[in-house]
Every structure is written in C-alpha cells, then in structure tokens.
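Be aware that the sequence shown starts at 13, since it is given in my numbering, and climbs by one per residue.
Backbone N, C-alpha and C define an ideal beta-carbon position, used for all residues, glycine too.
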Amino acid sequence: MAYDPKRALELLRIGSGRANAAFRDGQEEAIRHIVEGKGRLLVVQKTGWGKSFVYFIATKLLREAGAGPALLISPLLALMRNQIAAAKRMGVRAATINSDNVDDWTVIESKLAKGEIDILLISPERLANERFRTQVLAEIAAQISLLVIDEAHCISDWGHDFRPHYRLLERIVKTLPPNLRLLATTATANNRVMEDLAEVLGPKLDVFRGDLNRTSLSLQTIRLPSQAERLAWLAEKLATMQGHGIIYTLTVRDANQVAEWLKTQGFDIEAYTGETGDRREQLEQALLNNEVKALVATTALGMGYDKPDLAFVIHYQMPGSVVAYYQQVGRAGRALDSAYGVLLSGQEESDITEWFIRSAFPTRQEVADVLGALEDAPNGLSVPDLLSRVNLSKGRVDKTIALLSLEAPAPIAKQSSKWQLTAATLSEGFWDRAERLTALRRDEHQQMRDYVDLPFGKHMGFLIDALDGDPSVVTEPALPALPTTVDAELVKAAIAFLRRTSLPIEPRKKWPIGGMPQFGIPSNTNIDFQAQPGRALCVWGDAGWGGLVRQGKYHDGHFSDDLVAACVKMIQEWSPQPGPTWVTCVPSLRHPNLVPNFAQRLAAALGLPFHMVITKTDARPEQKTMANSTQQARNIDGSLALNGQPIPPGPVLLVDDMVDSRWTLTVSAWLLRMNGSGAVWPMALSQTGQDE
C-alpha cells in the first residue's frame, strides 16, 4: 500500500492542534513501515515521544486506502483519554469495549460490523472473555488491518509490569496471518525484554529503538530513613520548587497520608490511587491545568498520563526496578528545559518491595489448596465457595486462578460462574518461570539499591546503561542538587502529624457466607445488632504509634501510658454520640492481662467505669493466621460469650488491641447489644492492614 507523506503530516498537525508540528525522529519512518506493510515492528521510544500518533495516523491512512479496522490492546484504557481526543481530531473513529461501558457494547459491536469504527481499543483481560472472542473478535478477525500492542513490555516474563493476560496474545499472534501488520510499542525494554518480545511476536520483528537520554531531567537520590524526615523534606522543598509535579508512593495508604500531611502544610495537593474511582479524570485534569501543586500517586497514575510541562517527579520510596523507575520519572520535563527527578529512600521500602516480589506468584501450597478443593467438588466452585474451603485471602485465590487459567494447557477452566478442573496437569515450567522471575525481580531490586547510592550527576548514565542504551550521550544535570538536610522543627511537626491520624473501623453489615452455625446465625443475613463506626489509633508497626504498639504487645507485655494518653486524645477528637458511659474489652486467652489492663487505665483516664463482661470460651488460632473473611468468621464462631456479669444499659466503648477482619468486634458488639447494652463504639490500638 502506498504511503502519502503529505497526508501523514497533515494528520499530525490536525491531531496535535499545532499548525507547525513536525514529526519527531523516527515517527514518520515507523508510520511508513506499517502502512507499506514491511513487516512486524517493535518501537522502543522514551515516554512522551508520541507512540500513539504512530498508530492513530497509520490507522487513518490504512482506512482511507480502504483497509479494515485496527485493534489496539492496551492496559491503559482509563489513561488514554488525551490520545483518543487527538485521534478524534484526526477523524479516527475510536471505540473501546471494557468493563466500565457494558451498556454501550451492543451499539459498538453493531458499528464495528457496519465498518463505522476505525480502531477498537481493548484491555488484555478482554481476550480472556469467551463472548468477546467468539462474537466480536471472530467476526472482524479476517478484516483487521493492523494489530497494535501498547506497553508491549507487559508481554514479557521479564517486564516490570507483568500483566498475566498478555500471555493470551502469544496464542493469538501465532494464529494470525504472517503478513498481518503488527505494531508493538513500549518506552522501556532492555535487551532481555526485547528478546522475549521477538520470540512472542516474531517470526521476524523489526525494531526501531530511540535514544533513552533525557537531557532535561536532573536526577538525585537522598536517603532519609524515617517517614517523618521525608514528610518534612517534602514540605520544605515543595515551597521553593517551581512548577507542578507528581509524588509517587508505593502504597495507597502512604499516598493518602502524604497528601493529608502536605495539605496541613498549606499545599494544594490531592491523592490519586486505584481507589480514587470517579474522581480520577477530574484530578488528572486538575494537574494538567496547574490547579494543584502535585498529585501524590501510586502507579495508578502511570503509563499513558501525559503532561509535557511536569516540573518534578519525586519518589517517597524507592520503586522495585530500574524499568519502573525510568518509566515514572520520565513523566517530568518532556517539554521543559529542566526538571527534577528526586528519589527519597526510606527504611520501609525494602519490606514493601519484598512483599510485592514474594506475592507475585502463588506458592506450591496455595496451588495445591485450590486444586485440592476443586478436586473435591466435581461440579466446580465459585470464588466465594473456594474461600469457604481454603484458608487463603481473596486476592491470593484470584491470583492463583488467573495464573492457572492462563497456562497452556490450563489445569482449570470456568463454566458459568464456577471453576472446574480440566484433564491437564500444571507443568513444571510454571514453577521454573515463577522462580526465574522472582530471582530476576530480586536482582532488579538490588540494582535500584545501587542506584540510590550513586553520587549526584551519575544517575542518568546508570539508568540508560541498565536499560541497555548508550550512556556515553549523557550530559551534566541542568539543575543544581537540592539540599539533603531537613528542618528539625518540621520533623517534629511531621511526627506529631503521624501520631495524630486515626483510622476508621467500618462496622460489618452482613454475616458471612455459611453463617455462624454455633451462634445459630444463618448464611449471608443482615446483622441486626451492629457496632457503630469505630476508630483505630494507628496501623500496626507504622511510623506514628504503630512501633510503640508492637513493642508493647511483643516486648514489654504492657501498653505504655503514652498510648493511653493518645487514645484519650483520639476519643475526645472523635467525640462519638451518644457518648460511652462505660468501658469493656475483648478478652484473650493468650495474653489474659494485656488488653484488660490497658482498657482499665483508659477507662480511668476517661473517668468511666470498666466492666469485664465478655469471655473467651475456647482457644482458637490467632485471627492473623486466617487469610480470608469467611475463615476469620468461622474462627470466631462460638468462641465468645458473656460471663454472666450484669450488662450496663448505656453506650459502651469496646476496646481491643488489634483489628484485622473486624469479626471479633462484630460478634462482641452483637452479644452486648443483644443483651441490653446501648450503642457499641469499637476502638482498637492498631489495624493490621490485613483486612480485605
């Protein structure tokens, strides 16, 4: 098919909205390669280079020449709003089928059948959907003129953002006609990843690879072990930093906490995480319009977000790999002469990354548990059924099922809502791959630790070398290093802030699937005698009070007076109404005096009477050993009772040291309310962070 350079440039100018726009180095060559059908192509170019212009312009040219629609597979549909807007300006009719727009599917499918859609965007997970494969994909497969695989590093076993459903692409690509136009794009692929992609997307894969150097980025690493020091550093430096940016954290909890702290320091800051939901688009736009100083984000604000004038990207903790870090920090300074990329390294980051590495694959025991449960149920089991039979969290069950179902041949398959065993057995290759990947991720983690230790000026070269680029092109940083010291008064304020925050304990509203047989409670019914919304002082082991709670429980066998004072302050600020007129606590056979002693001192400090009215009837495993809500509920079923003491009628403060599943507090509150107490206000020293 002939390529029209004039029309291509015209489309670029319409799409970008700039009358004098010109192609970047390599963009036009990639478009020509696709349109002329010169073979399968992998484009590796840094973030912000304009990969989406390549596939949208190529699609438009192919459609104008009478070819069929394009199919784009991307993990970033939610973040492709800017790109789709540019495509529309060029007259490219783009549509997406995803779990958020179920109501539009029939209209889109009918338009597709009539040839009224130029490019269909789907997530890799859609390929696992039987209906989509048989009713949509099968209908248009013969007409597809171009298959685009965005963020192609996700295909690779070695890729930093391994999305299991990308493995389905390998099978789909193998069934495609060898002359089908195929374009794969990524910003971050080292040689290992590229070899992987060549194997999956081959037989012959041409590679266009750009320069990885980012001259505008001044990179720096600063070790500040405690969270209070890093919070103080952020508050001090943001006040003098020009422009707007992103602050990345490893967890949702940290994103919320950092945003909250910076707000108390007078900054216009918002948190952006996987839990942000409907506000995502509004927050992305707020940063684009410079209405906020920064977004404090998890990787939910990742690949695909494009603000060319982002002046800084700061990491609150070290990410797990060079590939992930380059991708994130590369959002800064795309259209600026200079921008900062600062990595703050803290003591908790290695534990978090180690958890991510360790939990990336199911263990042999987890797989054996799931397969064993399915073997005992020839008619299959739904996920809730499985949770009642195995002591694994829902997240672990979902992960195990997803990975097993994507094997070829797969040992399990889904029939309507139930999973069943197939005749296939899990190959040893599954475990070899898991071990190889786990070892690789540990190597990548070590590489990041080495990066943190580098002196100022050496960081960009290290990243490019690690990504198998050419480090000889690196120039000196455009900006001076930022101060690494922290204001002592701000550190004190940050410590006070970390100790001031409390966390909600939401009351459970329904009894578990399977009910509570020993209490005579039927399955999945509403809880009539509910607890009120409660409060926890801190997260177990965290930077505020968490360390002191851990020390009190496992070292001193006694919770300190500081924790009593902190709880008094928290209760006064919380001010539950109607206010408690007495205090009780959850009993324990393992530590019989620990919580009662604390609750008595707390009651005295609040000027309220303490009554021990609940008893533990038999020893059960600790709740933290129960991995999902159903198992946790069963573990409590029948193990608590009232001890025969009279129950005062007024509202009560119900004290425990730890809350994870909330079932202990739920049952205790139910017993108290059913036997004549007033409103039950639960209060715990810490949340374990294990609650689903």
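Asked                                                                                                                                                                : Found
Does the beta-carbon of Lys565 have 16 or more other beta-carbons within 10 angstroms, so that it is buried, or is it exposed?                                       : buried
Is Phe35 helix, strand or coil when you go by DSSP?                                                                                                                  : coil
For Arg242, which residues from the same chain have a beta carbon less than 7 Å from its beta carbon, with the 5 sequence-adjacent residues on both sides left out?  : Leu236, Tyr328, Leu356, Gly358
Taking only the alpha-carbon atoms, compute the straight-line gap between Ala380 and Leu452 and give it to the nearest angstrom.                                     : 25 Å
Do you know how far the Cα of Gln339 is from the Cα of Gln563?                                                                                                       : 39 Å
Using 8 Å for Cβ pairs, my map puts Asn231 next to Gly353. What's the rounded Cβ distance?                                                                           : What sits at residue 231 in the sequence shown is Leu, not Asn. 5 Å between Cβ atoms; contact.
Should Gly316 be labelled buried (16 or more other beta-carbon atoms within 10 Å of its own) or exposed?                                                             : buried
Could you name the residues that DSSP lists as bridge partners for Cys550?                                                                                           : Ser698
Taking the continuous alpha helix (DSSP H) assigned at Cys597, which residues delimit it?                                                                            : Segment 594-597 is the beta strand (DSSP E) holding Cys597; no alpha helix (DSSP H) there.
One question on the structure: do Thr198 and Val56 come within less than 7 Å of each other, judged by their Cβ atoms?                                                : yes
Is it buried or exposed for Trp523, if we count other Cβ within 10 angstroms and need 16 for buried?                                                                 : buried
How about Ile659 and Ser689: are their beta carbons less than 7 Å apart?                                                                                             : yes
Between which two residues does the beta strand (DSSP E) carrying Arg408 extend?                                                                                     : From DSSP, Arg408 is part of no beta strand (DSSP E) but of the alpha helix (DSSP H) over 406-417.
Closest to Ile12 by CA distance: which of Asn141, Asp669, Gln239 is it?                                                                                              : The requested residue 12 is not part of the displayed model; the chain covers only 13 to 704.
Let me know the secondary structure DSSP gives Arg204 once reduced to three states.                                                                                  : helix
Please report how far the alpha carbon of Thr261 lies from the alpha carbon of Cys550, in whole angstroms.                                                           : 19 Å
I'd like the list of long-range same chain contacts for Thr365, defined as Cβ closer than 7 Å, with 5 residues on each side in sequence excluded.                    : Gly332, His457
Which stretch, first to last residue, makes up the alpha helix (DSSP H) that contains Pro396?                                                                        : 395-401
For Asn647, which residues in the same chain have their Cβ closer than 7 Å to its Cβ, ignoring the five residues on either side in sequence?                         : Arg632, Pro633, Gln635, Met638
Which residues in the same chain as Arg62 place their Cβ atom closer than 7 Å to its Cβ, once the five residues preceding and following it in sequence are excluded? : One detail in the question is off: residue 62 reads as Gly in this sequence, not Arg. Cβ neighbours of Gly62 beyond the five flanking positions: Arg36, Gln39.
Within its chain, find whatever has a CB closer than 8 Å to the CB of Ser394; leave out the 5 residues flanking it on each side and keep chain order.                : Ser429, Lys430, Trp431
According to DSSP, simplified to helix, strand and coil, what is His55?                                                                                              : Residue identity differs from the one stated: residue 55 is Val in this sequence, not His. Strand at Val55.
With distances taken between CB atoms, is the gap from Pro136 to Leu415 smaller than 7 Å?                                                                            : no
Pick helix, strand or coil for Phe531, following the three-state DSSP scheme.                                                                                        : helix
Counting along the chain, where does the alpha helix (DSSP H) carrying Lys504 start and finish?                                                                      : 500-512
Kindly indicate the opening and closing residues of the alpha helix (DSSP H) around Arg221.                                                                          : Arg221 -> not in any alpha helix (DSSP H); beta strand (DSSP E) instead, spanning 217-221.
Suppose you measure from the CA of Leu620 to the CA of Ala267; what does that come to, to the nearest Å?                                                             : 37 Å
Under a Cβ-count criterion, where at least 16 other Cβ atoms within 10 Å of its own Cβ denotes burial, should Asn203 be classed as buried or exposed?                : exposed
If you reduce the DSSP assignment to three classes, tell me which class Thr198 lands in.                                                                             : strand
Pick from Gln542, Asp130, Leu683: whose alpha carbon is nearest that of Ile753?                                                                                      : An answer regarding residue 753 cannot be provided, because it is not within the stretch 13 to 704 covered by the chain.
Any idea which residues DSSP pairs Glu272 with across the strands?                                                                                                   : Glu272 pairs with nothing; no bridge assigned.
Go ahead and pull the three-state DSSP assignment for Val670.                                                                                                        : It should be noted that the sequence gives Met, not Val, for residue 670. Three-state DSSP puts Met670 in a strand.
DSSP state of Gly556, grouped into three classes?                                                                                                                    : coil
What residues are listed by DSSP as bridge partners for Phe324?                                                                                                      : Gly257, Tyr352
Tell me the rounded alpha-carbon separation between Arg602 and Phe610.                                                                                               : 15 Å
Given that a residue counts as buried once 16 or more other Cβ atoms are within 10 Å of its Cβ, and exposed if not, what is Gly27?                                   : buried
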